[in-house]
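A.B. asks:
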Amino acid sequence: MNGTTLAAERAKFDALADRWWDPDGPMKPLHRMNPLRTGWIADRLGGRDLTGKTILDVGCGAGLASEAFARMGAKVTGLDAAGAALAAARAHAEAGGLAIAYRQGGPEDLLAEGARFDAVVALEVIEHVEDRAQFLGALAALARPGAPIFLSTLNRTTKSFLMAKLGAEYLLRLLPIGTHDWRMFITPGELGAALRPAGYRITELAGMGMTPTGQWRETRDLGVNYLAMARPA
Numbered sequence: 000m001n002g003t004t005l006a007a008e009r010a011k012f013d014a015l016a017d018r019w020w021d022p023d024g025p026m027k028p029l030h031r032m033n034p035l036r037t038g039w040i041a042d043r044l045g046g047r048d049l050t051g052k053t054i055l056d057v058g059c060g061a062g063l064a065s066e067a068f069a070r071m072g073a074k075v076t077g078l079d080a081a082g083a084a085l086a087a088a089r090a091h092a093e094a095g096g097l098a099i100a101y102r103q104g105g106p107e108d109l110l111a112e113g114a115r116f117d118a119v120v121a122l123e124v125i126e127h128v129e130d131r132a133q134f135l136g137a138l139a140a141l142a143r144p145g146a147p148i149f150l151s152t153l154n155r156t157t158k159s160f161l162m163a164k165l166g167a168e169y170l171l172r173l174l175p176i177g178t179h180d181w182r183m184f185i186t187p188g189e190l191g192a193a194l195r196p197a198g199y200r201i202t203e204l205a206g207m208g209m210t211p212t213g214q215w216r217e218t219r220d221l222g223v224n225y226l227a228m229a230r231p232a
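Numbering follows numbering that gives the first Met the number 0, in which position 151 of the sequence shown is assigned residue number 150; successive positions increment by one, without gaps.
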């Protein structure tokens, strides 16, 4: 991911490393969202028992999704370019007795090793990526033949600007100011078009919405946060 993510984006998340696992800290929305994201993905991989499956978590940060998949029995590799976030991930996994292979670098590094996985996951990552075609091509190349790719991201709509940018960062202070650049958000149509050169197509989409109590649930509304599953075309 070194060649595809913006250096400023990596530095931004490195700076949050020491508070990543604080459920009431700056990553609180991700903590609340994580059960929905990882559960949705697990259900499409055959259920909440992922024993024997290999999963690559690209842009894993401090390991919120990686740990969830590992607790379901999967053999997880977490990949990120942010060294401080990975240090937090390794320490937290070790404290919890979880064997997760955390790697610093980008997808191209694993490709050079010939690595392949039963599922490739990139959650809240592509909106921070500079070269989307290169990034998605690498994800596709890291998937075993026939294996799915899962992404979650933010739609570029007026609603997402009001809720995910102005609302979450400036009004409610759910996220640090500057976490997102609304211009980098990607519509489902754009995501589908970007996946086609990699030989993949979107087969399922689901919206993610926050309830008044702060919990996240699956919804048909794709206007702000959404999940996507893609399979070989």
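In this text, a Cβ means the ideal position worked out from N, Cα and C, and glycines have one as well.
Bear in mind that the values here come from a model prediction, so they are computed numbers and not experimental data.
1. Note down, in chain order, each residue of its chain lying with its Cβ closer than 7 Å to the Cβ of ALA111, except the 5 sequence neighbours on either side.
2. May I have the straight-line CA-CA distance separating GLY136 from MET209, to the nearest angstrom?
3. Under DSSP, the beta strand (DSSP E) around TRP215 begins and ends at which residues?
4. From the DSSP output, which residues share a beta bridge with THR76?
5. For a test of the three-state rule: what should DSSP assign to ARG236, helix, strand or coil?
6. Let me know the secondary structure DSSP gives LEU122 once reduced to three states.
7. Taking all protein chains shown into account, do 16 or more other C-beta atoms lie within 10 angstroms of the C-beta of PRO212, making it buried, or fewer, making it exposed?
8. Could you name the residues that DSSP lists as bridge partners for SER151?
9. Just checking: is the beta-carbon of PRO22 within a distance shorter than 8 Å of some beta-carbon in chain C?
10. Alpha carbons only, please: which of HIS30, ALA142, GLU126 is nearest the one belonging to LEU109?
11. Out of curiosity, what's the CA-to-CA distance linking VAL223 and ARG89?
12. Counting Cβ pairs, one atom from each stretch, are 3 or more of them under 8 Å apart for the segment 50-67 and the segment 16-23?
13. Thinking C-alpha only, which one of MET207, ALA227, ALA229, ASP130 is nearest PRO28?
14. In whole angstroms, what separates the C-alpha of TYR169 from that of ALA227?
15. Give the straight-line distance between the Cα atoms of THR183 and GLU126, rounded to the nearest whole angstrom.
C.D. replies: Let's see:
1. There are no such residues.
2. 31 Å
3. 215-218
4. LEU55, ALA100
5. Residue coverage of the chain in this structure runs from 0 to 232, which leaves residue 236 outside it and unanswerable.
6. The DSSP-derived three-state label of LEU122 is strand.
7. For the sequence presented, residue 212 should be read as Thr rather than Pro. Exposed, since its Cβ has fewer than 16 Cβ neighbours within 10 Å.
8. LEU122, LEU226
9. No chain C is present in this structure, which holds just one protein chain.
10. Distances from the CA of LEU109 to each of HIS30, ALA142, GLU126 were compared; the closest alpha carbon is that of ALA142.
11. 31 Å
12. yes
13. It is MET207 whose Cα lies nearest to the Cα of PRO28.
14. Because TYR169 sits at a pLDDT of 47, beneath the cut-off of 50, its placement in the model cannot be relied upon, and the following sentence gives the value as read from the coordinates. About 28 Å.
15. A small correction: the amino acid at residue 183 is Met; Thr does not occupy that position in the sequence shown. Answer to the nearest angstrom: the Cα atoms are 5 Å apart.
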